[in-house]
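Undergrad: Chains as they are written, first to last, in my numbering: chain A, 43 to 238; chain B, 43 to 238.
The structure follows.
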DNA sequence: CTACCTTTGTGAAGAATTTCACAAGCGAAC
DNA sequence: GTTCGCTTGTGAAATTCTTCACAAAGGTAG
């Protein structure tokens, strides 16, 4: 989150930013900003604040954005399309090496810059291209099976949009986004507005 | 999360579930489950566990899913399409009353069961249908302007997919999903696997 | 009816996170 | 060169969250 805002400030040509300014941008407190950043190092100058451009570089390094990550998108539905088209990924160092589906009428169709490939090619492509990240955009049914297969092929991190609980071994990172659950959180917030 | 798993158990006809069982399903601890649930009431029977069906009803009530919420989707791009097509929303009580865009070639196009409408109709539709939730699936530029307008029209909760920071007044709930940020979290996890 | 196994609900303890508050450092002005 | 206004970095305090541990049931078998 800090990186996002620092990039904006950098684009605007701002040289330094105080913890107070970052806190306001991010909706947190100055003390929180300083504690968070100090966990990774001592980036600021007392009396001045944090050097915007230098700190963005540091944070990119910390987040592991210093090199390109190869990503496979599994599922050529609407969500897969939204992700494959999203220019922000490439800008941030995530290169989509392929979109995969097992529906015959989708395989071979053009898809942005690429062509939808068969799930049969998935394992060999992951191995050949050394892809470590998979985005899962398929229905809940069978999601776990696909996960097991790609982990076997060498995938080490999964961003899951399937509304299903996925189990992964400890050496694999998993992040799930469940849109229905997000809406339910809003429903709760609306319902309990008075109580809070 | 508990609701999700309880629904599965209910569908499978299971009568009761212990905190231990729920903890295993959700990847947490039995004590955590009991503390979480006890915050809202005393739902279990000692020696038996929690009554699955009754607890799902209770949780639905707590989450405010007891009635239908009317939702507008703003932005008829790929993400909007993925959301509008998602049957899970309707099942969970979120009825999409309209999809809106300001691109002339999209307005009037069929869109699942509905037709893409002009952004010009957004405010009047929100008011007429009493929609309280908006899903924002437009580019970052201008997102804040649209938010200000729909809040004026009566929207009280926003699920934001635009890669932009949105500010809302205190009486409005906001939940943002940023796919690039999710991937960056995975990048961090992969980069720091050894250190952890 | 009693003994026993199971599981909840919850105070208390323990751990983690956030906030406070201030010494130390930086730059500018005079 | 010294003073002054700012802002960081960080121990300590305060707060929040999680885990522990056990008394209080519920059910069952004999």
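For each residue, glycine too, the CB sits at the ideal point set by N, CA and C.
The structure presented is a predicted model; accordingly, all values stated were derived computationally and were not measured.
For a test of the three-state rule: what should DSSP assign to residue 134 of chain B, helix, strand or coil?
TA: Coil, per DSSP.
Undergrad: Note down, in chain order, each residue of its chain lying with its Cβ closer than 6 Å to the Cβ of residue 144 of chain A, except the 5 sequence neighbours on either side.
TA: Hits under 6 Å: 161.
Undergrad: Could you check what DSSP says for residue 162 of chain B in three-state terms: helix, strand or coil?
TA: Helix at residue 162 of chain B.
Undergrad: What are the residues that DSSP puts in a beta bridge with residue 114 of chain B?
TA: Beta-bridge pairing links residue 114 of chain B to B:140, B:176.
Undergrad: Could you list which residues in chain A have their beta carbon closer than 7 Å to that of residue 152 of chain B, in chain order?
TA: Those within 7 Å of residue 152 of chain B in chain A number zero; the least Cβ separation is about 15 Å.
Undergrad: Between the alpha carbons of residue 124 of chain A and residue 120 of chain B, how many angstroms are there, rounded?
TA: C-alpha separation (whole angstroms): 5 Å.
Undergrad: Distance check for residue 63 of chain B and residue 52 of chain B, CA to CA, integer angstroms please.
TA: Cα-Cα distance, rounded: 14 Å.
Undergrad: Is it right to say residue 234 of chain A is buried, meaning 16 or more other beta carbons lie within 10 angstroms of its own, or is it exposed?
TA: Result: exposed.
Undergrad: Counting pairs of beta carbons, one from the stretch 210–220 of chain B and one from the stretch 184–199 of chain A, are three or more of them closer than 8 Å?
TA: No: the two stretches stay apart, fewer than three of their Cβ pairs being nearer than 8 Å.
Undergrad: Along the chain, where does the beta strand (DSSP E) containing residue 234 of chain B start, and where does it finish?
TA: Residue 234 of chain B -> no beta strand (DSSP E), and no H or E assigned at all.
Undergrad: So which residues on chain B does residue 128 of chain A lean against when the C-beta distance must stay under 8 Å?
TA: The contacting residues are 221, 222.
Undergrad: Around the C-beta of residue 110 of chain A, are 16 or more other C-beta atoms found within 10 angstroms, so that it is buried, or is it exposed?
TA: That one is exposed.
Undergrad: Under three-state DSSP, which class holds residue 224 of chain A?
TA: It is helical.
Undergrad: Is the stretch 188–207 of chain A touching the stretch 168–178 of chain A, taking contact as three or more C-beta pairs under 8 Å?
TA: At 8 Å Cβ cutoff, the stretches touch.
Undergrad: As a quick exercise: from A:60, A:81, A:152, A:48, pick the residue whose alpha carbon is nearest that of residue 102 of chain A.
TA: Closest option to residue 102 of chain A, Cα to Cα, is A:48.
Undergrad: DSSP three-state label for residue 67 of chain B, please.
TA: Here residue 67 of chain B sits in helix by DSSP.
Undergrad: With residue 180 of chain A and residue 117 of chain A assumed to form a contact (beta carbons below 8 Å), what rounded beta-carbon distance in angstroms separates them?
TA: That pair is a contact at about 4 Å.
Undergrad: Could you check which residue in A:86, A:222, A:67, A:194 has the C-alpha nearest to that of residue 204 of chain A?
TA: Comparing Cα-Cα distances from residue 204 of chain A to each of A:86, A:222, A:67, A:194, the minimum goes to A:222.
Undergrad: Is residue 81 of chain A near residue 100 of chain A, with beta carbons less than 7 Å apart?
TA: No, these two residues do not count as a Cβ contact at 7 Å.
Undergrad: Quick check: what's the CA-CA separation for residue 114 of chain B versus residue 157 of chain B?
TA: Going by the C-alpha atoms only, they are around 12 Å apart.
Undergrad: Along the stretch 197–215 of chain B, where does the CB come closer than 9 Å to a CB of chain A? Name the residues.
TA: Here the close residues are 198, 199, 200, 201, 203, 205, 207, 209, 213, 215.
Undergrad: Which of the three DSSP states is assigned to residue 216 of chain B in this structure?
TA: It is a strand residue.
Undergrad: Can you check whether the C-beta of residue 175 of chain B is within less than 7 Å of a C-beta belonging to chain A?
TA: It does; some Cβ of chain A falls within 7 Å.
Undergrad: Look at residue 169 of chain B and residue 206 of chain B and say whether their C-beta atoms are less than 7 Å apart.
TA: No, they are not a contact pair.
Undergrad: Identify, in the order they occur along the chain, each residue of the same chain with its Cβ nearer than 8 Å to the Cβ of residue 107 of chain B, setting aside the five sequence neighbours on each side.
TA: If we look at residue 107 of chain B and ignore the five residues flanking it on each side, its Cβ neighbours are 134, 135.
Undergrad: Does residue 92 of chain B come out as helix, strand or coil in the three-state DSSP assignment?
TA: If DSSP states are grouped into helix, strand and coil, residue 92 of chain B belongs with the strands.
Undergrad: Based on the DSSP secondary-structure assignment, which residues constitute the bridge partners of residue 240 of chain B?
TA: The structure shown does not extend to residue 240 of chain B, since chain B is modelled only from 43 through 238, so no value can be given for it.
Undergrad: Using a C-beta to C-beta distance shorter than 8 Å, which residues of chain B count as neighbours of residue 110 of chain A?
TA: Under the 8 Å cutoff, chain B gives no residues; its nearest Cβ is about 11 Å from residue 110 of chain A.
Undergrad: Can you find the residues in the same chain that come closer than 8 Å, C-beta to C-beta, to residue 43 of chain A, ignoring five residues on each side of it along the sequence?
TA: Excluding sequence neighbours, residue 43 of chain A sits near 68.
Undergrad: Any beta carbon of chain A sitting closer than 7 Å to that of residue 132 of chain B?
TA: So, not an interface residue.
Undergrad: Rounded to a whole number of angstroms, what is the C-alpha to C-alpha distance between residue 153 of chain A and residue 88 of chain A?
TA: The alpha-carbon atoms of residue 153 of chain A and residue 88 of chain A are separated by roughly 51 Å.
Undergrad: Taking just the CA atoms, how far does residue 122 of chain B sit from residue 165 of chain A?
TA: Residue 165 of chain A and residue 122 of chain B: Cα-Cα distance of roughly 31 Å.
Undergrad: List the endpoints of the continuous alpha helix (DSSP H) containing residue 155 of chain B.
TA: No alpha helix (DSSP H) holds residue 155 of chain B; DSSP gives it neither H nor E.
Undergrad: Going along chain B, which residues have a C-beta under 9 Å from residue 217 of chain A?
TA: Here the neighbours are 224, 225, 227, 228, 231.
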